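Visitor:
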Amino acid sequence: MREELDRLWLEERPRVTVAVAAAAAQGDRSENAEYTYGKKRLHEIDRRVRFLRKRLDGMTIVDPQGAAGAGGRRDPHRVFFGAWVHVESEDGRRRWHRIVGPDEFDMASDYISMDSPLGRGLLRRSRGEQVLVELPAGALSLTIIDVQYGARPRI
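Heads up: take any position in the sequence shown, counting from 1, add 230, and you land on this note's numbering.
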């Protein structure tokens with residue numbers, strides 16, 4: 231998100247501003263498509279910049295290995311934010327998922343948002359637990375095979 235904000239604010243917005251100024255210098259703005267499109271694009275950029283700044287102001291970077299609860303370090307066999315969770319479905323298919331924030335889930339196909347039904351169903355569960363998750367397509371029964379933190383597990 232920081233990279234997108236920097237790209238929009240430091241590269242794209244100045245480029246579009248120059249193009250709008252050049253189009254405005256050509257005269258009648260009411261019939262100038264370049265001017266109209268440029269102004270519209272500036273509004274879109276500004277709206278996205280405001281959104282990104284608000285999101286970034288409220289974000290906290292979380293160390294998935296960090297402390298949790300009264301005991302200091304979190305239980306490495308329980309699912310928390312940042313965990314890699316190896317699950318097995320009723321039909322025997324196994325898959326790894328990583329629990330991530332709502333702004334990160336589309337970064338990889340095996341990332342799932344902690345706010346999704348599957349993410350919420352897995353959070354705070356332990357290795358070996360059977361989990362019934364209500365999905366839009368129906369209930370899904372999973373068994374948690376393993377929980378790991380840190381780098382992507384070797385598959």
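Even glycine gets a Cβ: it sits at the ideal position worked out from N, Cα and C.
Since we're looking at a predicted model, the values are computed, not measured.
Report the three-state DSSP secondary structure of G331 (helix, strand or coil).
Guide: In the structure shown, G331 sits in coil (DSSP, three-state: anything other than H, G, I, E or B).
Visitor: To the nearest angstrom, how far is the alpha carbon of R387 from that of S343?
Guide: The shown model of the chain, from 231 to 385, leaves out residue 387, and the question about it has no answer.
Visitor: In terms of residues, what are the limits of the beta strand (DSSP E) holding E234?
Guide: Premise fails: E234 lies in the alpha helix (DSSP H), R232 to R237, not in any beta strand (DSSP E).
Visitor: Would you list the one or two residues that DSSP bridges to Y341?
Guide: Answer is R328.
Visitor: Determine the DSSP secondary structure at V279, reduced to helix, strand or coil.
Guide: Helix.
Visitor: Who does R355 pair with in a DSSP beta bridge?
Guide: Answer is none; R355 lacks a bridge partner.
Visitor: Quick check: H316 and I375, are their CB atoms within less than 7 Å of each other?
Guide: The answer is yes: Cβ separation under 7 Å.
Visitor: So if DSSP puts L372 in a beta bridge, which residue, or which two residues, is it bridged to?
Guide: According to DSSP, which records beta bridges pairwise, L372 is partnered with S319 and V361.
Visitor: Applying the criterion that 16 or more other CB atoms from any shown protein chain within 10 Å of the CB defines a buried residue, is G322 buried or exposed?
Guide: By the neighbour-count rule (16 or more Cβ atoms within 10 Å), G322 is not buried but exposed.
Visitor: Let me check understanding here. Comparing Cα to Cα, which of G368, R243, R278 and D345 lies closest to G268?
Guide: Nearest C-alpha to G268: R243.
Visitor: What residue does the alpha helix (DSSP H) around R308 start on, and which one ends it?
Guide: No alpha helix (DSSP H) contains R308, which DSSP labels as neither H nor E.
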